[in-house]
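Chemist: Quick one: the structure is below, questions incoming.
Number of protein chains: 2
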Amino acid sequence: MAELRKDSLLDRWVLIAEERAAKPQEFDDRPVVRRLGDCPFCEGSEAETPNEVLALREPGSRHDGRGWRIRVIPNKYPAVNLRVLSLPTVSTQPQPDGLFQQASADGVHEVIIESPRHVTMAGELSDAETAAVLGVYQARLRTLRAEAAERGLRYVQIFRNVGEAAGASIEHLHSQLIGLPLVPTLIADELQAATQHFAHTGRCPWCDLAEAEVASGRRIVEATARFALVCPYASRFPYEMQLLPRGHEANFDDAADDHIREAAALLRRGLARLERVCDPASYNVILHTAPFGLPEAPRFHWHVEILPRLVKAAGFEWGTGVHINPVSPERAAAELRAVKLG
Amino acid sequence: MAELRKDSLLDRWVLIAEERAAKPQEFDDRPVVRRLGDCPFCEGSEAETPNEVLALREPGSRHDGRGWRIRVIPNKYPAVNLRVLSLPTVSTQPQPDGLFQQASADGVHEVIIESPRHVTMAGELSDAETAAVLGVYQARLRTLRAEAAERGLRYVQIFRNVGEAAGASIEHLHSQLIGLPLVPTLIADELQAATQHFAHTGRCPWCDLAEAEVASGRRIVEATARFALVCPYASRFPYEMQLLPRGHEANFDDAADDHIREAAALLRRGLARLERVCDPASYNVILHTAPFGLPEAPRFHWHVEILPRLVKAAGFEWGTGVHINPVSPERAAAELRAVKLG
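Chains as they are written, first to last, in the numbering used here: chain L, 1 to 342; chain Z, 1 to 342.
This is the structure:
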């Protein structure tokens, strides 16, 4: 049984998921990375994976057979308990002294296979394929948001790990989705900061940020009519990027189709730039969207974080939470802008 | 010039340190790890390093020559500006809209070479050598605490990276010390939680924690009269450990010599256990001690965190702050306890 536990002092939760445990000696060497020829995510290997939850399919093709463009399956090694709850029974159980708080980690853990071809870099997808991936994110978010109360879900984290240094053990391009019975601290902190900023100024800080960044241009990689791709002012990682809507949009799943197409093209170009500046590139792509069922959720403003993994977080970073970044975002943006895309 | 920047929303600071920057192509491959035969930290290679700040030396030996047991030098590639300030001029400069806060990153960055021999694992040091290392930590902390107001220092983070996966680029056993002009959020959060716990209960949460863990024994790796070595209830990493004094001690640098000897022996045994369970082991060792000059600092309770780096933080962890740990601390403690030490 996976379990959520809170740190005895900090508002920091961990997922203890022994089902994912390997024997200690299996940690000794680098994890096996499944590549072409041994890839369970390629078209034709559907029998190697759990049954699909959702797929974009050619007319007439069969479930869990060939003929798909994007395929969503449950994760074979889930980090959470996949039992569907009929009632939201999940709640933290504080002990009298508060030192050992825990909650049952019931939720959802899915894999989104982004192409039937053995694509390994996000920049290799076309704009239309990238838009289709974002559309599938939206479809799963809409379904899970609708079922959130029944299933006890409070937040869904969608992310993509590309490259071994970024934690990918299957190189075939895929995203993951983990639904949780609590709002993670990072998301809660962002929402709280936004709510406070709004209370003080009457404006959304992300809207302000997008406007200020586009106006200065110093950290802009590329901007379109509706979106800005920026190297954040306080980037933790070299060549870190953030894609954010210039107008206010709380829920990613509410974004209109033409917005999604515009965001997808900008995201794909951004990742293609990154893959040219840092070759080979390893990076995490993280979607932050409004949590479920909170009255202040409309104050959220969805955005995508791109975290290249060129330098390792070490003792200083884990000890303080302060990252050392040897590449200023101004320099990173200039280098990324300078890439000539085909 | 290194610069501290605050995230536009979160209370999260980064150190932008371009002096540490390499050209982008230098990120492409794994960093060069300097090993025996090419090691600037071995006895006899003193000329390859900056002049020592402090050393434990044999009587009659010369500064920056042979004949030392532990040697402290400035870091050749500092993450902070090493200018000594005559006045604490460092302050954050919030902009009207608060989106782009920054502070000059003036501070201290030193390397503590822990042995003249080419030792690569902390478990290879003797108890006496480990105690001497902790004594040198104390000496530097005392000096920097005394100079804190003059130099504008608010916190000193001491840490040790062992193994490539933990971020070490020189395998010769060494610690680092970074002094900062602000209290990092993680430390400030711990101090705030402790202050609140004390206000509610009249007790220190770390004292309570040590007592509860020793009483239950489930997560104890080893306990002595004055110290507990425990796998934390909400461990982020497999085989994570925490060493904490069972009695209240705010400042590590105030710990008595016999306490330090007891802590050192327990720490060394704990790391030797870890090096046996996870071979080869990569880990970060992090000392948390009270920040400088805060009235509530006596509510802090120093402790050492040991973070093994067997699994990579990936998109989910960076996106949510929630770590997935496949080894429960109860199982980790049982495996670590079972190791037969020589």
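Beta carbons: idealized from backbone N, C-alpha and C, even for Gly.
In this text the structure is predicted, and so the values were computed from the model without any measurement.
If you drop the 5 nearest sequence neighbours on each side, which residues of the same chain put their C-beta closer than 8 Å to that of L:A333?
Modeler: The count along the first sequence starts at 1 and reaches residue 333 of chain L at position 333. Within the same chain, L:A333 has close Cβ partners R218, R219, I220, V221, V230 and C231.
Chemist: Going by DSSP in three states, Z:S91 sits in which element: helix, strand or coil?
Modeler: Counting from one through the second sequence, the residue named residue 91 of chain Z turns up at place 91. Caution is warranted here: a pLDDT of 47 is assigned to Z:S91, below 50, making its placement in the model unreliable, and the coordinate value is therefore given only provisionally. Reduced to three states, the DSSP call for Z:S91 is coil.
Chemist: Going along the chain, which residues of the segment 125 to 156 of chain Z sit with their C-beta nearer than 9 Å to a C-beta in chain L?
Modeler: Y155
Chemist: Quick check: what's the CA-CA separation for L:H389 versus Z:V33?
Modeler: Here chain L covers residues 1 to 342 and nothing more, so residue 389 of chain L does not appear.
Chemist: Closer than 8 Å, CB to CB, is Z:N75 near chain L or not?
Modeler: Walking along the second sequence from the start, residue 75 of chain Z turns up at place 75. Output row for Z:N75: interface = no.
Chemist: Who are Z:A47's beta bridge partners in DSSP?
Modeler: If you number the second sequence from 1, residue 47 of chain Z lands on position 47. Z:A47 pairs with nothing; no bridge assigned.
Chemist: Of all the options Z:A139, Z:A128 and Z:S8, which has the alpha carbon lying nearest to the alpha carbon of Z:N251?
Modeler: In the second sequence, the residue the question calls residue 251 of chain Z occupies position 251. The option with the nearest alpha carbon to Z:N251 is Z:A139.
Chemist: Measure the CB-CB distance between L:I73 and L:E43 and report whether it falls below 8 Å.
Modeler: Reading the first sequence from its first residue, position 73 is the one you call residue 73 of chain L. Reading the first sequence from its first residue, position 43 is the one you call residue 43 of chain L. Not in contact: L:I73 and L:E43 (Cβ atoms no closer than 8 Å).
Chemist: Among the residues of its own chain, which have a CB less than 8 Å from the CB of L:L141, if the five just before and after it don't count?
Modeler: Reading the first sequence from its first residue, position 141 is the one you call residue 141 of chain L. Excluding positions up to five away in sequence, the list reads V156, I158, N251, F252, D253 and T289.
Chemist: Please list, in chain order, the chain Z residues whose beta carbon lies closer than 7 Å to that of L:T185.
Modeler: Here residue 185 of chain L refers to the residue found at position 185 of the first sequence. Neighbours of L:T185 on chain Z, chain order: G321.
Chemist: Under the rule that 16 or more other beta-carbon atoms within 10 Å means buried, what is L:T89, buried or exposed?
Modeler: Position 89 of the first sequence, counted from the first residue, corresponds to residue 89 of chain L. Legend: pLDDT at L:T89 = 42, less than 50; position of this residue unreliable, value from coordinates given subsequently. By the neighbour-count rule (16 or more Cβ atoms within 10 Å), L:T89 is not buried but exposed.
Chemist: Rounded to whole angstroms, what's the CA-CA distance from Z:A55 to Z:I70? Just pull it up for me.
Modeler: By one-based count along the second sequence, residue 55 of chain Z stands at place 55. By one-based count along the second sequence, residue 70 of chain Z stands at place 70. One C-alpha to the other measures close to 6 Å.
Chemist: Give a yes or no on whether the minimum CB-CB distance between Z:W68 and chain L is below 8 Å.
Modeler: As a first step, residue 68 of chain Z must be located in the second sequence, where it is residue number 68. Output row for Z:W68: interface = no.
Chemist: Is it buried or exposed, Z:P329, if we count other Cβ atoms within 10 angstroms and call 16 or more buried?
Modeler: Taking the first residue of the second sequence as position 1, residue 329 of chain Z is located at position 329. So Z:P329 ends up on the buried side.
Chemist: In chain L, what lies closer than 9 Å to Z:K340 by C-beta?
Modeler: Residue mapping note: residue 340 of chain Z aligns to position 340 of the second sequence, counting from 1. Correct list: empty, because the minimum Cβ distance to chain L is about 16 Å.
Chemist: With a cut-off of 8 Å, does the C-beta of Z:S61 fall near any C-beta of chain L?
Modeler: Mapped onto the second sequence, residue 61 of chain Z falls at position 61. Closer than 8 Å to the CB of Z:S61 there is not a single CB belonging to chain L.
Chemist: What are the partner residues of Z:Y283, as DSSP defines its beta bridges?
Modeler: Counted from its first residue, the second sequence places residue 283 of chain Z at position 283. BP columns for Z:Y283 point to Z:V162 and Z:P308.
Chemist: Tell me whether L:A148, by its Cβ, gets closer than 7 Å to a heavy atom of the ligand NAD.
Modeler: No copy of the ligand NAD appears in this structure; indeed no ligand is present at all.
Chemist: Just the C-alpha distance for L:E249 and L:L266, rounded to the nearest angstrom, thanks.
Modeler: In the first sequence, the residue the question calls residue 249 of chain L occupies position 249. In the first sequence, the residue the question calls residue 266 of chain L occupies position 266. Computed Cα separation, rounded: 17 Å.
Chemist: To the nearest angstrom, report how far apart Z:L182 and Z:L153 are at their CA atoms.
Modeler: The sequence position of residue 182 of chain Z within the second sequence is 182, counting from 1. The sequence position of residue 153 of chain Z within the second sequence is 153, counting from 1. Approximately 7 Å, taken between the alpha carbons.
Chemist: Please list, in chain order, all residues of the same chain as Z:A47 whose beta carbon is under 6 Å from its beta carbon, the five residues on each side excluded.
Modeler: Sequence index remark: in the second sequence, residue 47 of chain Z carries index 47 (1-based). A distance below 6 Å between beta-carbons, with the five flanking residues on each side excluded, links Z:A47 to no residue of its chain.
Chemist: Going by C-alpha distance, which of L:E305, L:L9, L:T143 and L:L341 is nearest L:W239?
Modeler: The sequence position of residue 239 of chain L within the first sequence is 239, counting from 1. First, the amino acid is wrong: residue 239 of chain L is Tyr here, not Trp. Ranking the options by Cα distance to L:Y239, first place goes to L:E305.
Chemist: Who are the near neighbours of L:G167 in its chain, counting only those whose CB is closer than 7 Å to its CB and skipping five residues on each side?
Modeler: Here residue 167 of chain L is taken as the residue at index 167 of the first sequence, counted from 1. These residues qualify, in order along the chain: N161.
Chemist: By the criterion of Cβ-Cβ separation under 7 Å, what are the contact partners of Z:L244 in chain L?
Modeler: Locating residue 244 of chain Z in the second sequence gives position 244, where the first residue counts as 1. Result: empty, since nearest Cβ-Cβ is about 11 Å, beyond 7 Å.
Chemist: Evaluate Z:S86 with the Cβ neighbour count: other Cβ atoms within 10 Å of its Cβ, from every protein chain shown; 16 or more gives buried, anything less gives exposed.
Modeler: Position 86 of the second sequence holds residue 86 of chain Z. For Z:S86, the predicted structure reports a pLDDT of 43, less than 50, and the residue's modelled location is therefore unreliable. A value from the coordinates is still provided. When all chains shown are included, Z:S86 counts as exposed.
Chemist: Say whether the segment 190 to 201 of chain Z touches the segment 121 to 138 of chain Z, bearing in mind that this needs 3 or more beta-carbon pairs closer than 8 Å, one atom from each stretch.
Modeler: no
Chemist: Which residues, taken in chain order from the segment 268 to 285 of chain Z, show a beta carbon closer than 7 Å to some beta carbon of chain L?
Modeler: V277, C278, D279, N284 and V285
Chemist: Distance check for Z:L307 and Z:D64, CA to CA, integer angstroms please.
Modeler: Position 64 of the second sequence holds residue 64 of chain Z. Position 307 of the second sequence holds residue 307 of chain Z. Spanning the two alpha carbons is a distance of roughly 33 Å.
Chemist: Within the same chain, show all residues whose beta-carbon is closer than 6 Å to that of Z:V285, passing over the 5 residues directly before and after it, in chain order.
Modeler: On the second sequence, position 285 is the one that residue 285 of chain Z refers to. Answer for Z:V285: R160 and I306, listed in chain order.
Chemist: Given that L:E190 touches chain Z, what residues does it touch there, using C-beta distances under 8 Å?
Modeler: Within the first sequence, residue 190 of chain L is the residue found at index 190, counting from 1. Under the 8 Å cutoff, chain Z gives L9 and L10.
Chemist: Are the beta-carbon atoms of L:V53 and Z:R236 separated by less than 8 Å?
Modeler: Taking the first sequence and counting its residues from 1, one reaches residue 53 of chain L at position 53. Taking the second sequence and counting its residues from 1, one reaches residue 236 of chain Z at position 236. Going by C-beta atoms, L:V53 is not nearer than 8 Å to Z:R236.
Chemist: Assign Z:P291 to buried or exposed, taking buried as 16 or more other Cβ atoms, counted over all protein chains shown, within 10 Å of its Cβ.
Modeler: To locate residue 291 of chain Z, count along the second sequence from 1; it is residue 291. Z:P291 comes out buried.
Chemist: Apply the 10 Å Cβ neighbour rule to L:R343 and answer buried if 16 or more other Cβ atoms are within range, or exposed otherwise.
Modeler: No statement about residue 343 of chain L is possible, as the shown extent of chain L runs from 1 to 342 and does not include it.
Chemist: Give the residues of chain Z in contact with L:V14, contact being defined as C-beta atoms less than 8 Å apart.
Modeler: Residue mapping note: residue 14 of chain L aligns to position 14 of the first sequence, counting from 1. In chain order: A234, S235, R236, V322, H323, I324 and N325.
Chemist: With a cut-off of 8 Å, does the C-beta of L:G163 fall near any C-beta of chain Z?
Modeler: Position 163 of the first sequence, counted from the start, is the residue given in the question as residue 163 of chain L. With its beta carbon at least 8 Å from every one in chain Z, L:G163 lies outside the interface.
Chemist: Quick one: list the residues of chain Z neighbouring L:S104, beta-carbon separation under 7 Å, in chain order.
Modeler: As a working note, residue 104 of chain L is residue 104 in the first sequence. Per Cβ cutoff of 7 Å: no residues; L:S104 is ~14 Å from chain Z at best.
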